[in-house]
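Here this note's numbering runs 374 ahead of the position in the sequence shown, where the first position is 1. Where a beta carbon is used, it is the ideal one built from N, C-alpha and C, also for glycine.
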Amino acid sequence: MDKMALGIICGVAFGALAVLTMIPLQFPDRKSALLGAFFNRFAIGFLIGVTSLPVPPWVAGLIVSVLVSLPSAIISKAYAPILGIGVVGGMIIGFVVGKWGV
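Written out as C-alpha cells, the structure is:
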C-alpha cells in the first residue's frame, strides 16, 4: 500500500483511539479537546507516511510523534500521557508504514 495512504489510515485509527480514551474525561471545552486530540494524532500518522528520514522507520515515528505531541503536552502540562501515548503510537505507525508501505 502507498506510504501516504497507509499513514492516513493509521492516523485516522490513532486519532479515533485517542478520542475514545478521552471520552470519560471532563474538559471545559469538550468538543475542542476531542477535535484537537484527534487531529494531533492524525497528523502523526500522516506525517510519518510522507516523511523520509535516514533512520529506521520506528525511529522516524518516534521523532515525528515527539515533535507533534510536545506542544500539546507543554500547553496542558500533561506530559506523561500525551508524550507516552504519542511516542508508542508513533513508533507503531512508523513500524507499520516501514514494513507494509511502498
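Asked	Found
Out of curiosity, what's the CA-to-CA distance linking residue 462 and residue 443?	11 angstroms
As an exercise, report each continuous alpha helix (DSSP H) stretch of at least 4 residues that is fully enclosed by the region 407-468, in chain order.	431-450
Touch check for the region 428-436 and the region 392-400: three-plus C-beta pairs under 8 angstroms?	no
Specify whether the region 403-411 and the region 433-441 touch according to this definition: at least 3 beta carbon pairs, one from each stretch, less than 8 angstroms apart.	no
With distances taken Cα to Cα, identify the nearest neighbour of residue 468 among 458, 434 and 446.	434
Could you spell out the range, first to last residue, of the alpha helix (DSSP H) harbouring residue 382?	377-396
Going straight from the alpha carbon of residue 446 to that of residue 476, what length do you get?	31 angstroms
How is residue 471 classed by DSSP in three states: helix, strand or coil?	helix
To the nearest angstrom, report how far apart residue 451 and residue 394 are at their CA atoms.	21 angstroms
Taking the C-alpha atoms as reference points, what is the distance between residue 422 and residue 412?	16 angstroms
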